[in-house]
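Offset between the sequence shown (1-based) and my numbering: plus 4.
Where a beta carbon is used, it is the ideal one built from N, C-alpha and C, also for glycine.
Remarks on the structure that follows.
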Amino acid sequence: MASTRGLNRAAILAIAVAAILQLTAAQTTHTVGDALGWLVPPGGAVTYTVWAELQTFTVGDILVFNFGDGDQDVAKVTKEAFKTCNSTDPISLKTKSPANFTLDTIGEYYFIGTKDEHCKLGQKLAINVTSYPGPSPSPAPKGPSTYTVGEALGWFVPPGGSFFYETWAYDKSFKVGDTLVFNFINWT
Ligand SMILES: *[C@@H]1O[C@H](CO)[C@@H](O)[C@H](O)[C@H]1NC(C)=O
Ligand SMILES: *[C@@H]1O[C@H](CO)[C@@H](O)[C@H](O)[C@H]1NC(C)=O
Ligand SMILES: *[C@@H]1O[C@H](CO)[C@@H](O)[C@H](O)[C@H]1NC(C)=O
Numbered sequence: 005m006a007s008t009r010g011l012n013r014a015a016i017l018a019i020a021v022a023a024i025l026q027l028t029a030a031q032t033t034h035t036v037g038d039a040l041g042w043l044v045p046p047g048g049a050v051t052y053t054v055w056a057e058l059q060t061f062t063v064g065d066i067l068v069f070n071f072g073d074g075d076q077d078v079a080k081v082t083k084e085a086f087k088t089c090n091s092t093d094p095i096s097l098k099t100k101s102p103a104n105f106t107l108d109t110i111g112e113y114y115f116i117g118t119k120d121e122h123c124k125l126g127q128k129l130a131i132n133v134t135s136y137p138g139p140s141p142s143p144a145p146k147g148p149s150t151y152t153v154g155e156a157l158g159w160f161v162p163p164g165g166s167f168f169y170e171t172w173a174y175d176k177s178f179k180v181g182d183t184l185v186f187n188f189i190n191w192t
């Protein structure tokens with residue numbers, strides 16, 4: 005009986021932990037290039053490719069570009085414009101640091117610097133947002149349950165008499181559709 009109670013406590017704890025995790029699965033802020041910031045990277049475009057590979061982007065996250073106003077800017081562009089470093093008519097252009105972009109949908113996002121040859125020299129970033137945050141917001145309705153009579157001890161003549169199974173059943177609420185499993189040894 006003690007082990008049965010322990011089992012229920014473990015289940016309640018698991019549910020509580022899951023609820024807390026769900027609450028803390030909030031938006032993440034990604035600072036592009038970390039301490040390096042947003043500039044023409046010394047190592048070329050691979051610098052931001054590697055940075056992006058180390059991140060996990062989730063819908064609702066925020067990208068922050070830190071740069072020197074005037075010397076740099078950041079434009080959100082199409083995939084085509086990203087490939088060719090075409091800064092004519094970008095989707096949006098931000099010239100003040102920090103420039104924040106909220107990743108509001110699943111999909112690919114492309115950013116370039118529009119100053120001089122900055123994009124061609126490697127000031128370009130492509131990211132891929134592939135997931136929604138946290139576990140699904142509405143848990144599936146609870147279906148029928150399966151109960152193993154006597155848990156690991158199974159179905160046998162219990163040492164403590166019928167009290168053993170009364171105790172096992174005491175804290176359970178059985179519903180129509182639930183399944184009871186009786187495990188016992190077949191003496192053939
Ligand atoms: C750059 O993009 C603009 C706007 O989409 C387009 O009109 C122009 O032809 C593009 N230039 C090149 C060289 O691809
Ligand atoms: C951009 O994000 C940074 C870091 O979270 C924050 O300090 C700043 O206030 C934000 N700026 C704007 C304009 O939202
Ligand atoms: C972005 O992720 C999706 C889904 O995983 C994938 O189909 C797509 O090819 C990725 N795009 C890039 C540029 O990696």
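Taking Cβ to Cβ, would you say residue i is nearer than 8 Å to residue j?
i, j, result
"Phe-77", "Thr-99", "For the sequence presented, residue 77 should be read as Asp rather than Phe. It is a contact, given that the beta carbons lie within the stated cut-off."
"Val-36", "Leu-129", "yes"
"Asp-182", "Tyr-151", "yes"
"Phe-115", "Lys-87", "no"
"Ile-110", "Thr-134", "yes"
"Gly-154", "Trp-172", "yes"
"Asn-132", "Pro-102", "no"
Would you mind reading off the limits of the beta strand (DSSP E) that contains residue i?
i, result
"Tyr-136", "Tyr-136 -> no beta strand (DSSP E), and no H or E assigned at all."
"Val-161", "Taken as a continuous stretch (DSSP letters only), Val-161 belongs to no beta strand (DSSP E), as it is neither H nor E."
"Phe-69", "66-69"
"Thr-183", "183-185"
Residue range of the alpha helix (DSSP H) that residue i falls in?
i, result
"Val-50", "50-57"
"Glu-2", "Residue 2 lies beyond the range of the chain shown here (5 to 192); nothing can be said about it."
"Ala-173", "167-174"
Am I right that residue i and residue j are in contact with their C-beta atoms under 8 Å? What's the rounded C-beta distance?
i, j, result
"Asp-108", "Val-63", "7 Å"
Counting only beta-carbon separations shorter than 8 Å, does residue i have a partner in chain B?
i, result
"Thr-109", "The chain labelled as chain B is not found in the depicted structure, where only one protein chain is given."
Could you say which of the options lies nearest to residue i if we only look at CA atoms?
i, options, result
"Ser-149", "Asp-75, Val-185, Ala-49", "Val-185"
"Asn-90", "Gly-117, Phe-105, Thr-106, Gly-165", "Gly-117"
"Gln-59", "Glu-170, Asp-38, Asp-73", "Asp-38"
"Asn-190", "Thr-53, Val-180, Phe-160", "Phe-160"
Inset, instruction - Give me every residue whose Cβ sits closer than 5 Å to any heavy atom of ligand 4, in chain order. - result: This structure lacks ligand 4; its bound ligands are ligand 1, ligand 2 and ligand 3.
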